[in-house]
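> Submitted below is the structure of interest, expressed as structure tokens.
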Amino acid sequence: MVRDIVHFLIQFLTWFIIIGAIFTWIPPANRPGFADWIISVTEDLLEPLRKIIPPIGGIDITPLIAIMILQMIDNFITRGF
9 MVRDIVHFLI QFLTWFIIIG AIFTWIPPAN RPGFADWIIS VTEDLLEPLR KIIPPIGGID
69 ITPLIAIMIL QMIDNFITRG F
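If you count the sequence shown from 1, you need to add 8 to reach the working numbering.
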């Protein structure tokens, strides 16, 4: 039961990060109203990683790293050691 809830939350957060990353590619004038909220939430989550991993060649890979970390945590929790 707890595993299922944690799995759901991690999957939800993963999709939230993906959607936030996609919205950052859209110019602010063309974004839907809720996009700024999603971006601000995901930016707060990704900011600590950005302090450790700077952009590479102008490309921010922190969403990818965050998703990989979340998936590792999910695998660890749902499958055990």
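Glycine is no exception: its CB is placed at the ideal position from the N, C-alpha and C atoms.
Taking the beta carbon of Thr-50 as the centre, do at least 16 other beta carbons fall within 10 Å, making it buried, or is it exposed?
Thr-50 comes out buried.
> So, for Pro-62: in the same chain, excluding its five sequence neighbours on each side, which residues have a beta-carbon less than 8 Å away from its beta-carbon?
Nothing meets the Cβ criterion.
> Check this for me: beta carbons of Leu-57 and Ile-73, under 8 Å apart or not?
In contact: Leu-57 and Ile-73 (Cβ atoms closer than 8 Å).
> Measure the C-alpha to C-alpha separation of Met-9 and Met-80 and round it to an integer number of angstroms.
Using only the alpha carbons, I get a separation of about 19 Å.
> If you compare alpha carbons, which of Met-76, Thr-70 and Asp-82 is closest to Asp-52?
It is Thr-70.
> Here's a check: name, in chain order, each residue in its chain whose Cβ is nearer than 8 Å to the Cβ of Asp-82, leaving out the five neighbours to either side.
Counting only Cβ-Cβ distances below 8 Å, and skipping sequence neighbours, we find Val-14, His-15, Ile-18 and Gln-19.
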